[in-house]
Amino acid sequence: MESGFPPNRAHEIVHKISQLLEKRNETIAVSEAACGGLMSSYLVSVPGASSWFHGGTTVYSLKSRLKLSGWSEEDIQNYTGPSVEVALRLARNLKFELGATYTLSETGFASDSSRFVPKSKTQSVGTVYLGLSGPSRDLSEVFNSGSTNRCHNMQEFAIHGLEFLLKEIEHVDRASQPSSSEEEFEPELVSKKQKLPKK
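Numbered according to full-length UniProt numbering, the sequence shown spans residues 1 to 199.
So this is what it looks like as structure tokens:
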């Protein structure tokens with residue numbers, strides 16, 4: 001676990017996120033559970049974050065999800081623990097509520113949660129489920145830190161979540177650029193025309 005705030009890895013990732021979002025006039029919002037607000041803290045550590053960070057929620061208890069994430073009483077009763085489906089639902093709901101270009105969510109097991117989830121999931125300590133809703137697609141990822149240390153896992157979950165976000169922003173950025181084959185196609189035609197024999 002890195003000391004200092006924000007950790008060096010987080011600082012580098014957030015700086016890249018900031019540059020891309022500012023360049024494209026896009027925004028981000030986050031929904032956190034196991035991280036306890038670390039992702040939001042890392043994001044706002046960059047000067048000028050208010051121009052692209054819409055905000056975030058820390059839905060740590062099921063009751064808070066009822067109030068802040070559009071869950072029903074039935075959803076709460078049927079809840080069986082963190083999952084990809086839960087992460088995606090949190091991301092999609094936050095996108096609806098805050099209207100950001102990208103919404104990132106995480107939910108996972110920073111330490112033992114056997115009091116709250118089925119015993120079948122107690123071996124999942126160190127696992128986080130990430131959900132991301134972007135301008136053209138929704139996607140998810142599962143990450144395991146390999147650790148049972150609560151503080152270490154909170155930091156790793158936050159950093160990995162921001163890495164996940166950065167990869168998608170970079171993917172969208174590349175997709176919006178002309179491909180190298182498209183850029184080279186026209187000059188190639190010109191050179192061939194120049195070599196044609198005169199009639």
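Each residue gets a CB set at the ideal place from its N, CA and C atoms; glycine is no exception.
| Query | Result |
| --- | --- |
| Ignoring anything shorter than 4 residues or poking outside the UniProt domain "CinA C-terminal" (12-168), list the alpha helix (DSSP H) runs there in chain order. | 38-43, 62-68, 73-78 and 84-98 |
| Determine contact between the region 5-12 and the region 78-97, defined as no fewer than three beta-carbon pairs at a distance below 8 Å. | no |
| Compare the beta carbon distance of S133 and T107 with 8 Å and say whether it is the shorter of the two. | no |
| Let me know the secondary structure DSSP gives E2 once reduced to three states. | coil |
| Are at least three pairs of beta-carbons, each pair with one atom in the region 138-148 and one in the region 45-64, less than 8 Å apart? | no |
| Would you report the Cα separation of E184 and S124, rounded to the nearest angstrom? | Model confidence at E184 stands at a pLDDT of 43, short of 50, so the residue's coordinates are unreliable; what they give is reported in the following sentence. Roughly 50 Å between the two C-alpha positions. |
| With a cut-off of 8 Å on the beta carbons, I'd call I17 and L162 a contact; round off their distance for me. | 7 Å |
| Can you give the beta carbon distance from S31 to S105, rounded, assuming they're within the 8 Å contact cut? | 4 Å |
| Roughly how many angstroms lie between the CA atoms of M154 and S147, to the nearest whole one? | 11 Å |
| CB-CB under 7 Å to A87, same chain, minus the five flanking residues each way: which ones, in chain order? | S105, E106, T107, Y129, L130, G131 and S140 |
| Do F143 and H160 have their C-beta atoms closer together than 8 Å? | yes |
| With a threshold of 7 Å (Cβ to nearest heavy atom), would V44 be considered close to the ligand GDP? | The ligand GDP is absent from the structure shown, which contains no ligand whatsoever. |
| Could you tell me the alpha carbon to alpha carbon distance between S56 and L38, rounded to whole angstroms? | Per the sequence shown, the amino acid found at residue 56 is Gly instead of Ser. Cα-Cα distance, rounded: 11 Å. |
| By the 10 Å Cβ neighbour count, where 16 or more other Cβ atoms means buried, how is F96 classified, buried or exposed? | exposed |
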